[in-house]
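What follows is a short report on a single structure.
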Amino acid sequence: DSGVTQTPKHLITATGQRVTLRCSPRSGDLSVYWYQQSLDQGLQFLIQYYNGEERAKGNILERFSAQQFPDLHSELNLSSLELGDSALYFCASSVGRGTGELFFGEGSRLTVL
Amino acid sequence: GESVGLHLPTLSVQEGDNSIINCAYSNSASDYFIWYKQESGKGPQFIIDIRSNMDKRQGQRVTVLLNKTVKHLSLQIAATQPGDSAVYFCAENRNSGYSTLTFGKGTMLLVSP
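For the record, the sequence lines run as chains X and R.
For the first sequence, my numbering assigns the number 1 to the initial residue and increments by one for each residue that follows.
For the second sequence, my numbering assigns the number 114 to the initial residue and increments by one for each residue that follows.
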């Protein structure tokens, strides 16, 4: 158990809909990262937050947004969903904002029909 | 369990053999590298890391070798066990100062009893 909690574990929705994925980092970790894992693209970095502020942005679509709250949990919002958004979405956390080990949650499996 | 990739390079070994998983990285400025293991249906799990000022680091049953000249990483697993069966990812930190890891495509390791 990495200590990172993600909900929901599975989510099935329709095209055009909006969903919110939730992540609670390990106790004491200030950074939260979101990754998308699909069969053809592997693990793609989406976005990082450190202590409530956005620190780095990767291949995140404009239809997606995220935030980190004062209690350090984070939410990833996916809107106007398309079939190609079906993937595993992982949250990871780390202690600081520098280089170091990331601790991953077990992921949220999103299926868009 | 869930598959994390249908077209991954696959290494098949017998239990007790030594395994070597290779990874080529792309950015000569990367200064930190990590190997992750992902079992079916789970999030990536840290195995071992190495900084660019080193060329070898050993853990328990695992060794990581870094060749900066040819931008190559390898993970050696001694006395491979069926529980080592998983997808293995190398990741590099391309944005010094932040844990913005970029992951490789992964290699599936299958260990037969």
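Where a beta carbon is used, it is the ideal one built from N, C-alpha and C, also for glycine.
Small disclaimer: the values here were computed from a predicted structure and weren't measured.
With distances taken between CB atoms, is the gap from residue i to residue j smaller than 7 Å?
| i | j | result |
| --- | --- | --- |
| S27(X) | A87(X) | no |
| L72(X) | P8(X) | no |
| I163(R) | L179(R) | yes |
| I160(R) | A204(R) | no |
| P157(R) | Y149(R) | yes |
| C136(R) | G219(R) | no |
| T20(X) | E75(X) | yes |
| C23(X) | Q36(X) | no |
Among the candidates the options, whose CA atom is the shortest distance from the CA of residue i?
| i | options | result |
| --- | --- | --- |
| A104(R) | V224(R), K184(R), F159(R), P195(R) | As displayed, chain R neither begins before 114 nor continues past 226, which places residue 104(R) out of reach and without an answer. |
| D197(R) | N135(R), L223(R), Y145(R) | L223(R) |
| F119(X) | K57(X), G52(X), N51(X) | In the structure as shown, chain X starts at 1 and stops at 113, and residue 119(X) therefore has no counterpart that could be examined. |
| L11(X) | F104(X), G42(X), L78(X), G96(X) | L78(X) |
| K155(R) | N206(R), A137(R), A199(R) | A199(R) |
| N51(X) | D40(X), N59(X), T5(X), Q68(X) | Q68(X) |
| Y201(R) | E54(X), R22(X), L43(X) | L43(X) |
Applying the 10 Å Cβ sphere with the 16-neighbour rule, what's the burial state of residue i?
| i | result |
| --- | --- |
| T111(X) | exposed |
| T215(R) | buried |
| A92(X) | buried |
| P195(R) | exposed |
| K169(R) | exposed |
| G96(X) | exposed |
| F104(X) | buried |
| S116(R) | Any reading at S116(R) must be qualified, since the residue scores a pLDDT of 36, below 50, and its modelled position is unreliable; the value itself is stated next. It counts as exposed. |
| M167(R) | exposed |
| G3(X) | exposed |
Write down the C-beta distance between residue i and residue j rounded to the nearest angstrom, noting that I regard them as a contact closer than 8 Å.
| i | j | result |
| --- | --- | --- |
| T213(R) | Q48(X) | 6 Å |
### Query
Is the segment 78-86 of chain X in contact with the segment 60-69 of chain X, if contact means three or more CB pairs nearer than 8 Å?
yes
### Query
Does the segment 100-112 of chain X touch the segment 121-139 of chain R, meaning 3 or more C-beta pairs lie closer than 8 Å?
no
#### Entry: Touching by the beta-carbon criterion (3+ pairs, under 8 Å), the segment 173-187 of chain R and the segment 13-26 of chain X
no
### Task
Flag this pair as touching only if the segment 28-36 of chain X and the segment 125-138 of chain R have three or more C-beta atom pairs under 8 Å; answer yes or no.
no
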